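So the structure is just underneath, and the comments pick up after that.
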Amino acid sequence: MKIKIDLNGTKEIDVEKGTTALEIFTHLNPQSNRKPIAARFNGSLIDLSLPIEDEGILQYVTFDDEEGKFVYWHSTSHVMAQAVKRLFPDAKLAIGPAISDGFYYDFYTKKTFSPDDMKKIEKEMKKIIKEGQSFERTVISKDEAISLFTEEKENFKLELINELEGDISIYKNAEFVDLCRGPHVPRTSYISAYKLLSISGSYWRGDEKRESLQRIYGVSFETKEELKKHLHKLQEAKERDHRKLGKELGLFSTMGEAGPGLILWHPKGATLRRIIEDYWKDEHLKKGYELVITPHIAKSGLWRTSGHYDYYLENMFTFKINNNEYVIKPMNCPGHILIYKSKIHSYRDLPIRYAELGTVARNELSGVLHGLLRVQEFTQDDAHIFCMEEQIEDEILGVLRFARSIMNTFGFQNLNYELSVRDPDNKDKYAGFDKDWEKAEASLVKALEAEKLDYKRMEGEAVFYGPKIDIQMYDALGRKWQGPTIQFDFNLPGRFDVTYVGKDGNQHNVFIVHRTILGSIERFIGTLIEHYKGDFPVWLSPVQVRIMTITDKSIDYAERVNNTLIPHHFRTEVDKRNEKIDLKVREAEKERIPYMAIIGEREEKENTVSIRERHRKNRGSFSIVDLIEELNEKCKKKT
RNA sequence: GCCACCGUAGCUCAGAGGUAGAGCAGGGGUUUUGUAAACCUCUGGUCGGGGGUUCGAUUCCCUCCGGUGGCUCCA
């Protein structure tokens, strides 16, 4: 019996009932530079080897599709698990999904995997792939699944099965069987280039109270070239690592003596920070923010009022003085609210925008600390907007535009927007009134739409006290980093009784919008270092110009040139050491200094400098005036 | 916090049951140099801290400190 298959609008064909997607593909062999990995039939992903029984729309999924990669990686994770089971039969299977950059599989075993084992596993995978085993999908009942995996002694799988309802699909290739939704590539031989990348620990279901598992990460591609390219990208990321560059460029360090997750800013890092902070303050003043400063410590009563003492205590540093308990502030909000409440506000005062580069301390689990990205003391570029309901739309729009322009200035043109809203089925777990949530959400949506921004709606991702917009930026390597957030707060206004006097003479609750643009100065600088690979644009460079002498004879002239530049507020250095110019150039290049002004007898005679720009080699002779102009231009344009 | 791995000079790393080396950096000299490393010479380390095993430990074991990779992206 024939059935009609619509090849996603390109063609319609009649095939024998029970034909597989793979057979159709091989039969038609349509133009495609990628062979398919899976298929989409009437909207759902299926195996290429699944017999098609009804008519419908068939689409092929290749490695170029997100889903194709996932199927491919997921199949590779099965092959890896199979190899592990062959080598270490005691290992129990946990889960092995595809992830954004490859796959992993978790195992429970007494043996600890070593890097050597990874090589052995890779070798075994090669065999399995060579064997060209087919992935066979079978659908069985829950009872059958239970007896199968009891026999296999896979108790983690059993736990999963017990939570599933209805029929259960399993995939089998040779001796290996796994509980799996699928789909998979038709045969193990589809996997060509793969590599196991790392081993780490994890918990069964991410629960620290459950079994500790060992996780093996890997990645795979259809060609060796793609794998090579991917590994190259990982290498590139390693070279950009802000911890490595931070050390090399003398920006910051962490020292065990100081404590974990605490940053020591060296002069160059502190300079970079100062430039960013000065720029930040200037821009905020221009946008109608008022700068405030609140204390680093406060009595714990304040944190009881705010509620942090109840749900955030384990992250707070506390200490006692004369029987009074104090908290080192983990957030700036209560301080800003106290400033607001220091007097009665009329509707005429609103909106009020308080901004602070507020340094906060948070006690983090030691294992999560990471360079500048996750620390225990950091400076938030925090601001709180106190406004009336009718002002929220304008305020949100203002913040959104502001955040965008600042991100663009720092070289992040590519941004990703997420709107986190309430879980509609669970409305009572949130603080605040329904109408406020609705109003707030509408204002966030309106701002995003007014700016014609694509955004992802994250249902149920809002925190309990209000909806928010999160913005992520993509760096030069295409990696995503957390950036600005704009967040409503329906909790604190009530707790602190934050009000204004309206036109009607009555007190009304204010809307509080909490927002940060850089997030934390520490983390932001970490992302900047990696984004620019340490090659900061002139306006951000801790040292903008290094003047270097060819011989001692030019020291006086070098100092004169330097004294001409200093009044223009350029950050300069003079390298007058008795060293060869080659060495001075080499060091300046390595230190990523954007401008090298080389000075010898010739330059002194002509009243010029010879300019070499970072990565651009010798640009020849410049008058001091021309140099100043070029530098000014770059600083002004922030390039 | 938990799992795994790591910790040797300021930095990058080598070494090994008999108390340690290299390069760079740093000091001192020579050299006065034209766009990514001139030459000579010297200094430098309770081998992360503490405890144990041993005739002997930096090496083996325990513990603490610090770092690295991870700890649902859900069969």
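Its first residue numbered 1, the first sequence is counted upward by one per residue in this note's numbering. The C-beta atom is built at its ideal place from N, Cα and C for all residues, glycine as well. Note that the coordinates shown come from a computational prediction; the quantities given were computed from them, not determined experimentally.
Residue i - containing alpha helix (DSSP H), residue span
| i | result |
| --- | --- |
| Lys-268 | 267-286 |
| Asp-394 | 392-409 |
| Asp-117 | 115-130 |
| Gly-246 | 242-248 |
| Arg-205 | Element bounds for Arg-205: n/a, residue is neither H nor E. |
| Ser-300 | 300-306 |
| Val-585 | 581-590 |
| Tyr-532 | 521-532 |
| Pro-334 | 333-340 |
Residues of its chain near residue i, where Cβ-Cβ distance is below 8 Å and the 5 sequence neighbours each way are ignored
| i | result |
| --- | --- |
| Ser-198 | Ile-216 and Tyr-217 |
| Lys-533 | Glu-239, Arg-240, Leu-245 and Ala-476 |
| Glu-208 | none |
| Arg-571 | Thr-271, Ser-541, Pro-542, Val-543, Gln-544 and Val-545 |
Residue nearest to residue i in terms of C-alpha spacing, selected from the options
| i | options | result |
| --- | --- | --- |
| Thr-150 | Asp-117, Ala-193, Leu-93 and Glu-131 | Leu-93 |
| Phe-536 | Asn-563, Gly-519, Lys-590 and Pro-567 | Lys-590 |
| Val-84 | Pro-183, Tyr-105 and Ala-588 | Tyr-105 |
| Val-645 | Arg-353, Lys-605, Phe-135 and His-230 | The shown model of the chain, from 1 to 639, leaves out residue 645, and the question about it has no answer. |
| Ile-512 | Asn-506, Gln-391 and Ile-624 | Gln-391 |
| Phe-103 | Met-80, Tyr-430 and Glu-124 | Met-80 |
| Asp-65 | Glu-152, Ser-189, Ser-443 and Glu-222 | Glu-222 |
| Glu-364 | Met-316, Phe-410, Val-399 and Glu-441 | Met-316 |
| Ile-328 | Tyr-309, Ser-49, Lys-341 and Glu-144 | Tyr-309 |
| Gly-301 | Lys-320, Gly-288, Asp-575 and Lys-286 | Lys-320 |
| Phe-378 | Leu-262, Tyr-60, Cys-635 and Tyr-340 | Leu-262 |
| Glu-55 | Tyr-289, Asp-6 and Glu-613 | Asp-6 |
| Met-548 | His-531, Asp-575 and Thr-112 | Asp-575 |
| Asp-497 | Phe-176, Ile-471, Ser-306 and His-74 | Ser-306 |
Inter-residue Cα distance where the pair is residue i and residue j
| i | j | result |
| --- | --- | --- |
| Pro-351 | Glu-314 | 34 Å |
| Ser-212 | Ser-366 | 18 Å |
| Lys-119 | Gly-519 | 41 Å |
| Arg-40 | Tyr-108 | 34 Å |
| Glu-277 | Trp-437 | 33 Å |
| Ile-191 | Lys-480 | 28 Å |
| Arg-304 | Gln-376 | 22 Å |
| Ala-640 | Leu-264 | Look at the range of the chain in this structure, 1 to 639, and you will see that residue 640 is not part of it. |
| Ser-114 | Pro-89 | 16 Å |
| Arg-457 | Gly-478 | 22 Å |
| Gly-502 | His-284 | 27 Å |
| Glu-136 | Leu-148 | 15 Å |
| Glu-226 | Asp-101 | 13 Å |
| Val-368 | Ala-145 | 38 Å |
| Thr-188 | Thr-26 | 18 Å |
| Leu-251 | Lys-268 | 5 Å |
| Ile-642 | Asp-116 | Outside the shown range of the chain (1 to 639) lies residue 642, about which nothing can therefore be said. |
| Gly-132 | Glu-154 | 25 Å |
| Val-360 | His-384 | 15 Å |
| Ile-344 | Thr-499 | 8 Å |
| Ser-220 | His-230 | 9 Å |
| Lys-4 | Tyr-60 | 16 Å |
| Tyr-430 | Arg-523 | 29 Å |
| Pro-330 | Thr-409 | 29 Å |
| His-185 | Asn-491 | A small correction: the amino acid at residue 185 is Val; His does not occupy that position in the sequence shown. Their backbone Cα atoms lie some 50 Å apart in a straight line. |
Cβ-Cβ distance between residue i and residue j below 9 Å
| i | j | result |
| --- | --- | --- |
| Asn-426 | Gly-466 | no |
| Asp-423 | Ala-462 | yes |
| Thr-639 | Val-543 | no |
| Arg-560 | Ala-403 | no |
| Thr-20 | Pro-51 | yes |
| Trp-204 | Ile-517 | no |
| Gly-526 | Asn-509 | no |
| Glu-23 | Lys-2 | no |
| Ile-593 | Val-545 | yes |
| Tyr-557 | Glu-633 | no |
| Asp-382 | Leu-415 | no |
| Arg-401 | Glu-451 | yes |
Residue interval of the beta strand (DSSP E) (run including residue i)
| i | result |
| --- | --- |
| Ala-727 | This structure leaves residue 727 out entirely; the chain is present only between 1 and 639. |
| Thr-138 | 136-140 |
| Ile-624 | That residue, Ile-624, is in no beta strand (DSSP E); its alpha helix (DSSP H) goes 624-637. |
| His-384 | 377-387 |
| Ile-471 | 468-474 |
| Ile-5 | 2-6 |
6 Å CB neighbourhood of residue i in its chain, flanking five on each side removed
| i | result |
| --- | --- |
| Ile-406 | Ile-517 |
Nonlocal neighbours in the same chain, by C-beta distance under 7 Å from residue i, ignoring five residues either side
| i | result |
| --- | --- |
| Asn-324 | Lys-299 |
| Ile-640 | Absent from the model: residue 640. The displayed extent of the chain is 1 to 639, so no value can be given. |
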